[in-house]
Structure formats: structure tokens, C-alpha cells
Amino acid sequence: MEYKKLVLTNKLGLHLRAASKLSNLATTFQCDISISNGDGNKINAKSVLGITLLAAAFGTSVYIEASGKDEKQAINEIEKLFNNKFGEEL
Amino acid sequence: MKYFFLVCHKPLGSSLQKCVEFSIGESIEEIINIEVTPNDSLAEIQDLIEKAWHKCGKPREIFVFSDLKGATPCNGLFSWLRGKRILYRGVTGINLPMLVCAINHKNLSLDSLLKKVLEAKDKGIQSLNIY
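Sequence lines, in order, name chains A and B. Letter by letter, the first sequence follows residues 162 to 251 of the numbering used here. Letter by letter, the second sequence follows residues 2 to 132 of the numbering used here.
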């Protein structure tokens with residue numbers, strides 16, 4: 162299992178469009194990927210609605226967990242998406 | 002391809018479609034939007050749905066959304082479905098969480114999709130708390 166703490170640095174946080182990008186990316190991997198905001202409630206990172214309902218705003222730390230064959234690659238690509246501010250504010 | 006038929010009071014369906022497309026960043030050809038105006042009769046609504054169904058290749062399985070059970074768009078949809086030998090699942094009370102969820106899980110079977118959409122209904126409507 163791979164685990165990574167990431168901080169939302171885009172101004173709009175995990176809003177619907179960002180959630181959609183994360184979900185689309187997560188869906189390209191075979192492994193199970195979850196996201197949580199630290200309250201113990203793990204959300205399937207392949208679910209747009211689940212991610213959006215986390216209501217994670219700018220500056221929030223989220224925890225990504227990947228488990229399966231391509232878990233390392235998944236975490237790396239998701240980290241890139243976060244660092245890239247979901248393609249916003251470039 | 003699974004089609005999602007939105008049969009709603011104008012302009013609700015097209016507005017929801019635009020919201021989802023904006024969020025995903027591309028047009029979603031699986032959404033078939035049938036907009037009902039106050040002057041449309043049940044027969045006219047059925048005709049609109051029939052034409053839309055033909056236009057997308059007469060799919061044997063569809064997922065349907067309507068806005069309000071008992072309202073004219075929904076009644077027209079029911080009348081049309083009653084006369085068709087197609088497999089369908091669907092819900093009334095369409096909202097953005099349900100539509101986002103449906104598109105996200107469009108590759109599931111109709112029954113699994115229905116389950117997901119009903120979960121989205123429960124999760125998507127919450128009392129508003131400061132978080």
C-alpha cells in the first residue's frame with residue numbers, strides 16, 4: 162500500500178472540476194485509491210461525487226491511499242496533478 | 002453506449018447538462034435532453050422522446066431522469082415507456098449530484114447504476130453546516 166499526504170494549493174480546492182480530473186486520473190489505474198481529509202472517512206477516489214462532497218478547500222491536507230498493482234504510479238501521478246494545481250492558475 | 006434520457010421542464014435538463022459538461026470539460030453525447038414546455042401535451046412529449054430515441058439509434062437499454070413525479074414531463078415519459086419494449090431504470094427528482102454520479106459510473110449495469118444514483122441522492126442532499 163502506498164500513502165501520501167497532499168495539500169490543496171489551488172484556490173478553489175477540490176471543487177467539481179478538480180474532483181472530476183482526479184476521478185478521471187484515478188480511473189486509469191487498476192489499484193484501489195481512496196482519499197480522505199483526515200477524519201477517518203475514506204472516499205473512493207474514482208467517485209467524482211464522493212470527492213466533491215469532501216468539501217476540501219484551499220489549504221486542506223488530504224490523504225491519498227493506493228493499494229494494488231500500479232499503486233506507486235498512481236500516487237506519483239496524483240501528486241503531479243495536485244502540484245500542477247489541477248491545471249488551474251497556470 | 003448507455004444513454005441517459007433527461008425529460009424535464011425546460012430549461013432544467015439542458016442547464017444540468019451544461020453544468021456536468023463544464024465540470025468534465027467535454028460534451029457528453031450520452032445525455033439525451035428532452036425539454037418540455039408548458040404548452041406540450043402528453044402526446045407531444047411522447048413524440049419528442051420517440052424522435053430522440055430514434056436519433057440515438059433506438060437503444061434497447063436506457064437510464065431515465067425526470068424532475069418531478071406526477072408532473073407532465075414525467076407523465077409523458079411514463080406513457081412513452083409503457084408503450085416500449087426497452088429495458089430501463091431511472092429516477093425522478095433529478096439533481097446535479099445524481100447526474101454527476103450517473104455519468105461517472107456510466108459503464109455499470111442499469112441496476113448497479115440505479116443503486117449508485119440513489120446513493121448520490123442520499124449523499125448529495127445534506128443539511129448545510131460550516132465546515
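Each residue gets a CB set at the ideal place from its N, CA and C atoms; glycine is no exception.
What B:Ile25 touches in chain A, judged by beta-carbon distance under 7 Å, is Ser181, going in chain order.
Within 7 Å of the CB of A:Leu242, no CB atom of chain B is found; the nearest one sits about 14 Å away. When the beta-carbon positions are compared, B:Ile32 and B:Gln18 come within less than 8 Å of each other. In this structure, B:Val92 keeps its C-beta atom at 8 Å or more from the C-beta atom of B:Cys102. The alpha-carbon of B:Val65 is positioned some 8 Å away from that of B:Val8.
Contacts with chain A at 8 Å (Cβ-Cβ) include B:Gly125.
A direct Cα-Cα distance of roughly 11 Å separates B:Arg86 from B:Pro60.
Under DSSP, B:Phe6 forms a beta bridge with B:Ile33 and B:Val65. Non-local C-beta neighbours of B:Gly125 in its own chain, meaning closer than 6 Å and more than five positions away in sequence, comprise Pro98, ordered along the chain. Taking a C-beta cut-off of 7 Å against chain B, the contacting residues of the segment 183-203 of chain A are Ser184, listed in chain order.
Counting C-beta pairs closer than 8 Å gives three or more between the segment 167-174 of chain A and the segment 222-234 of chain A, which meets the contact rule. Taking a C-beta cut-off of 9 Å against chain A, none of the residues of the segment 68-95 of chain B qualify. A distance below 7 Å between beta-carbons, with the five flanking residues on each side excluded, links B:Leu114 to the following residues of its chain, in chain order: Phe64, Arg90, Ala103 and His106.
Note that the C-beta distance between A:Leu215 and A:Leu175 is below 8 Å.
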